Amino acid sequence: MTSVVQSLADVNQQLFEAKKTKKLSFEQIAQRMGRDEVWVAALFYGQAKPTDDEVDKLIDVLGPWVDAKAMKRHFNPHFFPERGQLTPMPPTDPTLYRLYEVVGVYGYALKSVIHEKFGDGIMSAINFSAKVDKVQKNGADTVRITYEGKWLPYDFHC
Numbered sequence: 001m002t003s004v005v006q007s008l009a010d011v012n013q014q015l016f017e018a019k020k021t022k023k024l025s026f027e028q029i030a031q032r033m034g035r036d037e038v039w040v041a042a043l044f045y046g047q048a049k050p051t052d053d054e055v056d057k058l059i060d061v062l063g064p065w066v067d068a069k070a071m072k073r074h075f076n077p078h079f080f081p082e083r084g085q086l087t088p089m090p091p092t093d094p095t096l097y098r099l100y101e102v103v104g105v106y107g108y109a110l111k112s113v114i115h116e117k118f119g120d121g122i123m124s125a126i127n128f129s130a131k132v133d134k135v136q137k138n139g140a141d142t143v144r145i146t147y148e149g150k151w152l153p154y155d156f157h158c
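If you read the sequence shown in this note's numbering, its first letter stands for residue 1, the second for the next number, and so on.
Pasting the structure below:
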């Protein structure tokens, strides 16, 4: 079975291999790049667009385990990320499936609460950030995921 990483472009696979070789977390890479860890992970999966400066920082952090010329060729100004699904829906990976399940089970409840607080509109996934925290609750490790997106009210005129 091919993993998602194996299905990515060679430069993206190289990023994962360099991360593993250098024993760095996404958080450590992000700190050195001045970016958010979720954005850095998205970049590794080909789902974020780095600036030229960010490519240089990434090369500095992971060098010499990445091919700088290949990185610059791939992440050029004409590179546009694939931001869609990397796997079939519903996902079969247990972690991804549980996130999918959260939306399936709690989606309408979240939507209702959001609309009560903000009115008619949507949360932007373009002006968006996500954060993952490890939190202790009742003596157990728990996952806290925070989504933050700009509110875009519907303004429909005929």
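Just so it is clear, CB atoms sit at the ideal spot from N, CA and C, and this is done for glycine as well.
Nothing here was measured: the structure is a model prediction, and the numbers come from that model.
{"Item": "Of all the options Gln-47, Gly-107 and Pro-88, which has the alpha carbon lying nearest to the alpha carbon of Phe-80?", "Value": "Gln-47"}
{"Item": "With H, G and I counted as helix, E and B as strand and the rest as coil, what does DSSP make of Glu-54?", "Value": "helix"}
{"Item": "Using DSSP with H/G/I as helix, E/B as strand and the rest coil, what is Met-89?", "Value": "coil"}
{"Item": "Kindly indicate which residue of Asp-52, Gly-139, Pro-153 and Val-103 has the alpha-carbon position closest to the one of Tyr-147.", "Value": "Val-103"}
{"Item": "May I ask you to report which of helix, strand or coil DSSP gives Leu-62?", "Value": "helix"}
{"Item": "Out of Ser-112, Asn-12, Leu-86 and Lys-150, which one is the CA nearest neighbour of Met-71?", "Value": "Asn-12"}
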